[in-house]
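Report on the structure given below.
2 protein chains.
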Amino acid sequence: MNVETALQRLKEKGYKRTKQRERIVEIFVQQDQYIAAKDILKAIQEDFPGVSYDTIYRNLYLLTEEEILETTELGGEKHFRLGCETHGHHHHFICTTCGKTKSIEFCPMNSINENLKGYDVENHKFEIYGKCPQCH
Amino acid sequence: MNVETALQRLKEKGYKRTKQRERIVEIFVQQDQYIAAKDILKAIQEDFPGVSYDTIYRNLYLLTEEEILETTELGGEKHFRLGCETHGHHHHFICTTCGKTKSIEFCPMNSINENLKGYDVENHKFEIYGKCPQCH
DNA sequence: AATTTAAATCGTAATCATTATTATTTTTTG
DNA sequence: CAAAAAATAATAATGATTACGATTTAAATT
Numbered sequence: 001m002n003v004e005t006a007l008q009r010l011k012e013k014g015y016k017r018t019k020q021r022e023r024i025v026e027i028f029v030q031q032d033q034y035i036a037a038k039d040i041l042k043a044i045q046e047d048f049p050g051v052s053y054d055t056i057y058r059n060l061y062l063l064t065e066e067e068i069l070e071t072t073e074l075g076g077e078k079h080f081r082l083g084c085e086t087h088g089h090h091h092h093f094i095c096t097t098c099g100k101t102k103s104i105e106f107c108p109m110n111s112i113n114e115n116l117k118g119y120d121v122e123n124h125k126f127e128i129y130g131k132c133p134q135c136h
Numbered sequence: 001m002n003v004e005t006a007l008q009r010l011k012e013k014g015y016k017r018t019k020q021r022e023r024i025v026e027i028f029v030q031q032d033q034y035i036a037a038k039d040i041l042k043a044i045q046e047d048f049p050g051v052s053y054d055t056i057y058r059n060l061y062l063l064t065e066e067e068i069l070e071t072t073e074l075g076g077e078k079h080f081r082l083g084c085e086t087h088g089h090h091h092h093f094i095c096t097t098c099g100k101t102k103s104i105e106f107c108p109m110n111s112i113n114e115n116l117k118g119y120d121v122e123n124h125k126f127e128i129y130g131k132c133p134q135c136h
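Protein chains in written order, with the UniProt record's numbering: chain B, 1 to 136; chain L, 1 to 136.
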């Protein structure tokens, strides 16, 4: 996913192209890892000193809604990263030190043979936490 | 796990038996589901009107540390439940409406054949979210 | 290009979960 | 009972997230 594709997808839905929104997407394209809202704010303030959390969160949630970003909760904070739809549905190993991830192609939902009759499955989460080779 | 066993385990580690702590464990034994800190507070205030969040969280974390409780993050809030060590390591289906859970005996870590050489696995999470038959 | 309008932003305040602090109280042990 | 350690109460502080009114901006329209 690149910046243009993402903004194009938003445009089709009637969302406007703003410099701030553009920059937010850019940051995610540059740093291919989970990032906390406060770090997005910090990064974007170099170009737009006045941005508010309102703008950050509104965009992060919009981008997640439009499936441009993925989200997970790390240490009590929501983190976001570019959704890597390039290789389909998958999960992540997440480094608890640097936040970098490694894709895990295996999805446990495919292997599950529990009886979930009567249960309406909406979502699932499979994440492995630990130290990546660099942080080990 | 019953109240006595839990408090006994704490005693062995040198932790004291207090009425508040006792009541907290009791609540978890009675309600076998994930509960948010604020709901524990609400429940315990019926007996101890003056309890503070400090007491709640200190005990929740202590009980988690001592592996009497398990924890997960739901909607931006930490939730706790009695650890069901009776049937070993397992995962959960969690109802997004009532919070009740169904145990999933399958653990994806047993089935994983990804190459995680060089990665130090500390933890993992596999949770399925949706509606239970009652809330469906 | 100017006008219009809906969307987005800014600046700031409010909310909510969680953590910290200090004085006081309680449990346990000798 | 007395002493020491642990736990609690009351309250304040922190930090993430959400909300809001006024203003600005992007994009569509004339």
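Heads up, the beta-carbon is just placed ideally off N, CA and C, and yes, glycines get one too.
Taking CB distances under 7 Å as the criterion, tell me whether Y129 of chain B reaches chain L. yes
How far does the alpha helix (DSSP H) with Y129 of chain B in it extend, from its first residue to its last? From DSSP, Y129 of chain B is part of no alpha helix (DSSP H) but of the beta strand (DSSP E) over 120-131.
Presumed contact (8 Å Cβ cut-off) between L82 of chain B and D32 of chain B, rounded CB distance: The C-beta distance from L82 of chain B to D32 of chain B rounds to 6 Å, short enough to fall under 8 Å.
Is E77 of chain L close to chain B, meaning its C-beta is less than 7 Å from at least one C-beta of that chain? no
Cβ pair Y57 of chain L, G99 of chain L closer than 7 Å: no
Do I27 of chain B and A43 of chain B have their CB atoms nearer than 7 Å? yes
Taking the C-alpha atoms as reference points, what is the distance between K125 of chain L and E12 of chain B? As the crow flies, the alpha-carbon of K125 of chain L is around 36 Å from that of E12 of chain B.
Whole-angstrom distance between N59 of chain B and A6 of chain B, CA atom to CA atom: 12 Å
Span of the beta strand (DSSP E), counted from its first residue to its last, around K42 of chain B: In the DSSP annotation of this structure, K42 of chain B is not part of any beta strand (DSSP E); the continuous alpha helix (DSSP H) holding it starts and ends at 37-44.
Quick one: grab the DSSP three-state call for I94 of chain L. strand
Start and end of the beta strand (DSSP E) containing R81 of chain B? 77-82
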